[in-house]
Amino acid sequence: MFTLNQEKLVSLGASITTDEIKQQPVLWDETYSLYTKKRLEIQSFLQKLAKQYDRIRVIFTGAGTSAYVGDTVTPYLKGKVDEKKWDLLNIPTTTLVSNPYEFLKADCPTLLVSFARSGNSPESLAAVELAQNIITNFYQLTITCASDGELAKRAKGDEDNLLLLMPEKANDQGFAMTGSYSCMTLSALLVFDTLSLEEKGSLVSTISQMGKTVIGREEDIQQIIDHDFERIIYLGSGCLEGLAREAQLKILELTAGKIVTAFDSPLGFRHGPKSFVNEKAVVFVFVSNHPYTRQYDLDLLNELKRDNIANYICAIEVDGKSRYAGNSFLFNSDAQSVPDAYLALPFVMIGQTVSLLASIKVGNTPDTPSPTGTVNRVVKGVTLYEYNKM
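In UniProt numbering, the protein residues as written are 1 to 390.
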């Protein structure tokens, strides 16, 4: 797909999605550049809150893939920030809007970090409005891909709402979120990670190179897609569990449910969900770079191999002292020191490419995968109800 000309891609209904997956390594470099330009403003904004309050609740929020950004970054960032000062939570807008009384507290100073591709989803807007009405000391960090979206418009001129726009091309025009997910994930990491600017720059350089490796190894992924399967399972620990959820959603979206999917953590998978494995299943395990967590990931891979039930088992991992002895999509050992949250970016490109190729395999058009039109790029049909504080 990545080597086909535009005419052929258009005929397959895949030109937009293919280009948007392929361009991500360049977008990550742009995201880092945008961060460096706004770094002092970001630091000033966060320091102002830190001086003003003893503890600030930080809620990462979004809907669908945008919510999975929070799933991906929260475990890592909780281990980096001073949790006596910053209370990090990940709560989807779809949960906040239906159950605001359970999460939004009037007397709890709160920074709402909104992730949004378009900034026009009804739940994204409603979550902000609910928080504004309920929370006394309320602040926002808006991370979005659309400068003309409603969230971005509302942020402009509001000193309590810091707007971080992603690279223009991160505003995916295809049905599935690809570059928008990875750029917003990277942006959140850059904002809250306590690493030095130089260390962050080095990480971005490494993952960008890893992303280019994925593009150059499409044939390896195609060989997996050529297997006879009907199910795809993604597993990952910690940050990579959030990634597994996003990867399985891409399969669901781009094949319109023609390939059924599941996700879990390697440890959690044994507790019932492993029943999903049959002779028509392909299992991918995102293997952690952390030596402790990696042991659990490799244990499950080896167990699945011994079971000898799945059609195909594949580890997605960085080469190191310990690795899976079976099938793997292996990255160079130079990336051994990359934290899992950053590793999620090149890893997700594998999942996106799997979904793209699987969509073509089942006869779907990746750019417009919903045959009924009942599932839309920006969610429609949501009725929002007035909330009265009790």
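Ideal Cβ placement from N, Cα and C applies to all residues, glycine included. Since this is a predicted model, take the numbers as computed values, not measurements.
When the Cα of Ile-225 is compared with those of Lys-37, Phe-347, Leu-252, Leu-356, which residue comes out closest? The residue you call residue 225 lines up with position 225 of the sequence shown. Comparing Cα positions, the closest option is Leu-356.
Exposure label - Leu-151; buried when at least 16 CB within 10 Å: Against the sequence shown, residue 151 aligns to sequence position 151. Burial call: buried.
As a quick exercise: from Ser-333, Gly-268, Gln-222, Ser-196, pick the residue whose alpha carbon is nearest that of Gly-351. Counting from 1 along the sequence shown, the entry for residue 351 is found at position 351. For the residues Ser-333, Gly-268, Gln-222, Ser-196, the minimum Cα distance to Gly-351 belongs to Gln-222.
Gln-23 in three-state terms, based on DSSP: Numbered from its first residue, the sequence shown carries residue 23 at position 23. Gln-23 falls in the coil class under three-state DSSP.
Would you mind sorting Ser-333 into buried or exposed? The rule is 16 or more other CB atoms within 10 Å of its CB. The residue you call residue 333 lines up with position 333 of the sequence shown. That one is exposed.
If you draw a straight line from the alpha carbon of Ser-118 to that of Leu-164, how long is it in whole angstroms? Residue mapping note: residue 118 aligns to position 118 of the sequence shown, counting from 1. Residue mapping note: residue 164 aligns to position 164 of the sequence shown, counting from 1. Approximately 13 Å between the Cα atoms of the pair.
Would Pro-100 count as contacting chain C if we go by Cβ distances under 8 Å? Considering every chain present, this structure includes no chain C. It has just one protein chain.
Nearest residue (CA-CA) to Ala-188, options Met-166, Asn-171, Cys-108, Arg-323: Translated into the one-based positions of the sequence shown, residue 188 becomes position 188. Checked all of Met-166, Asn-171, Cys-108, Arg-323; the closest Cα to Ala-188 is Met-166.
Just curious, the alpha helix (DSSP H) that Thr-65 is in, first and last residue? Sequence index remark: in the sequence shown, residue 65 carries index 65 (1-based). Thr-65 -> alpha helix (DSSP H) spans 65 to 78.
Are Trp-28 and Leu-186 closer than 8 Å when you measure CB to CB? The residue you call residue 28 lines up with position 28 of the sequence shown. The residue you call residue 186 lines up with position 186 of the sequence shown. In this structure, Leu-186 lies closer than 8 Å to Trp-28 by Cβ.
If you scan the UniProt domain "SIS" (49 to 202) from start to end, which runs of the alpha helix (DSSP H) of 4 or more residues do you find wholly inside it? The UniProt domain "SIS" (49 to 202) contains these whole alpha helix (DSSP H) runs: 65 to 78, 93 to 98, 100 to 103, 122 to 134, 150 to 155, 179 to 192.
Note down the Cα distance separating Pro-369 from Ile-259, rounded to an integer number of angstroms. In the sequence shown, counting from the first residue as 1, residue 369 sits at position 369. In the sequence shown, counting from the first residue as 1, residue 259 sits at position 259. Approximately 13 Å, taken between the alpha carbons.
Starting from the C-beta of Tyr-292, find all residues in its chain whose C-beta is less than 7 Å away, skip the five residues before and the five after it, and write them out in chain order. What you label residue 292 is simply residue 292 of the sequence shown in a count that begins at 1. Same-chain partners within the cutoff: there are none.
Cβ distance (whole Å) where residue 400 is taken to contact Leu-112 below 8 Å: Outside the shown range of the chain, which is 1 to 390, sits residue 400, and nothing can be said about it.
Among the candidates Gln-248, Asp-158, Thr-110, Asn-133, whose CA atom is the shortest distance from the CA of Asp-54? Position 54 of the sequence shown, counting from 1, holds the residue named residue 54. Asp-54 has its Cα closest to that of Thr-110, out of Gln-248, Asp-158, Thr-110, Asn-133.
Nearest-angstrom Cα distance between Ser-124 and Asn-99? Numbered from its first residue, the sequence shown carries residue 124 at position 124. Numbered from its first residue, the sequence shown carries residue 99 at position 99. A straight line joining the alpha-carbon of Ser-124 with that of Asn-99 spans about 14 Å.
Between Leu-298 and Phe-263, is the Cβ-Cβ spacing less than 8 Å? Within the sequence shown, the letter at position 298 stands for residue 298. Within the sequence shown, the letter at position 263 stands for residue 263. The answer is no: Cβ separation not under 8 Å.
Buried/exposed call for Glu-253, threshold 16 Cβ in 10 Å: Counted from its first residue, the sequence shown places residue 253 at position 253. By the neighbour-count rule (16 or more Cβ atoms within 10 Å), Glu-253 is buried.
I need the straight-line Cα distance from Phe-77 to Leu-88, nearest angstrom please. Taking the sequence shown and counting its residues from 1, one reaches residue 77 at position 77. Taking the sequence shown and counting its residues from 1, one reaches residue 88 at position 88. The displayed chain sequence assigns Leu, not Phe, to residue 77. The straight-line gap from Cα to Cα measures roughly 8 Å.
Measuring straight from C-alpha to C-alpha, what distance separates Phe-286 and Thr-353? Translated into the one-based positions of the sequence shown, residue 286 becomes position 286. Translated into the one-based positions of the sequence shown, residue 353 becomes position 353. Taking the straight line joining both Cα atoms gives about 15 Å.
Using the C-alpha atoms, what's the distance from Arg-245 back to Val-379? Mapped onto the sequence shown, residue 379 falls at position 379. Mapped onto the sequence shown, residue 245 falls at position 245. Val-379 and Arg-245: Cα-Cα distance of roughly 19 Å.
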